[in-house]
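K.L.:
Here it is: the structure, laid out below.
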Amino acid sequence: GGWLNGVWGAVGFLQVLLWTGMTKLDPSLFESARIDGAGWFTEFTRITVPLLRNEIGVCLTVTVIAALAAFDIVYVTTAGGPGHSTAVPGIQIYIMAFTEQRIGPASALAVVLMLLVLVVILPIQRLNREAT
Numbered sequence: 172g173g174w175l176n177g178v179w180g181a182v183g184f185l186q187v188l189l190w191t192g193m194t195k196l197d198p199s200l201f202e203s204a205r206i207d208g209a210g211w212f213t214e215f216t217r218i219t220v221p222l223l224r225n226e227i228g229v230c231l232t233v234t235v236i237a238a239l240a241a242f243d244i245v246y247v248t249t250a251g252g253p254g255h256s257t258a259v260p261g262i263q264i265y266i267m268a269f270t271e272q273r274i275g276p277a278s279a280l281a282v283v284l285m286l287l288v289l290v291v292i293l294p295i296q297r298l299n300r301e302a303t
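As structure tokens, this is what we get:
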């Protein structure tokens with residue numbers, strides 16, 4: 172769908188962000204875990220993920236915003252079609268406001284979209300803050 176364009180466009184940034192976070196991990200933590208008998212899954216879930224919590228939070232935030240705000244590439248390539256198969260909220264807001272001249276409902280939908288982003292992003296940010 173259209174949301175995939177927004178997510179795919181951010182993949183390079185997300186990869187660099189996670190790679191940078193992984194370079195700060197202390198190798199001695201993994202060596203100690205291996206000495207204690209930890210496998211790769213335990214290392215990943217008990218060391219890597221907790222230490223990358225901030226980076227993962229930023230990645231989730233960027234991905235959600237990119238997925239919900241993907242308008243430009245969808246509009247230029249398919250304009251939400253065929254049918255409405257690639258329609259994203261931004262396309263629907265645009266159609267309502269500028270094609271159908273229904274400014275009020277389009278504005279209401281834009282506010283709902285903003286609230287949806289806040290409902291998704293604020294818990295992620297709160298979890299990030301609690302982890303630090």
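Whatever position you read off the sequence shown (first residue = 1), add 171 for our numbering. Note that CB positions come from ideal geometry on N, CA and C, so glycine has one too.
Report back the beta-carbon spacing between THR257 and VAL245 to the nearest angstrom; my notes put them in contact at under 8 angstroms.
P.N.:
Going by Cβ atoms, the distance from THR257 to VAL245 rounds to 6 angstroms, so yes, they are a contact pair.
K.L.:
Spatial neighbours of ALA181 within its chain, please: CB distance less than 7 angstroms, with the 5 preceding and 5 following residues excluded, ordered by chain position.
P.N.:
Correct list, in chain order: VAL233, THR234, ALA237.
K.L.:
Under DSSP, the alpha helix (DSSP H) around ASP243 begins and ends at which residues?
P.N.:
Residues 243-248.
K.L.:
When we look at the beta-carbon of ALA250 and count the other beta-carbons within 10 Å, is it buried (16 or more) or exposed?
P.N.:
Exposed, since its Cβ has fewer than 16 Cβ neighbours within 10 Å.
K.L.:
So for ARG224, helix, strand or coil by DSSP?
P.N.:
In the structure shown, ARG224 sits in a helix (DSSP, three-state: H, G or I).
K.L.:
Which whole runs of the beta strand (DSSP E) in the region 278-302 are 3 residues long or more, in chain order?
P.N.:
For the region 278-302, not a single whole beta strand (DSSP E) run of length 3 or above is found.
K.L.:
Could you tell me whether the Cβ atoms of LEU196 and CYS230 are closer together than 8 angstroms?
P.N.:
Cβ atoms of LEU196 and CYS230: not closer than 8 angstroms.
K.L.:
May I have a chain-ordered list of the beta strand (DSSP E) segments no shorter than 3 residues that lie completely inside the region 182-237?
P.N.:
Correct list: empty.
K.L.:
Compute the distance between the beta-carbons of LEU189 and LEU222, then report whether it is under 8 angstroms.
P.N.:
Taking 8 angstroms as the Cβ cut-off, LEU189 and LEU222 do not qualify as a contacting pair.
K.L.:
So what's THR257 in DSSP terms, helix, strand or just coil?
P.N.:
Note: THR257 maps to coil in three-state DSSP.
K.L.:
Measuring alpha carbon to alpha carbon, tell me which residue in ALA240, ARG217, ILE262, HIS255 is nearest LEU289.
P.N.:
When each option's Cα is compared against that of LEU289, the closest is ALA240.
K.L.:
Taking the alpha-carbon positions, what's the TRP179 to ASN299 distance?
P.N.:
Rounded to whole angstroms, TRP179 to ASN299 spans 23 angstroms at the Cα level.
K.L.:
Using only the alpha-carbon positions, how far apart do THR216 and PHE201 sit?
P.N.:
Cα to Cα, the separation comes out at about 12 angstroms.
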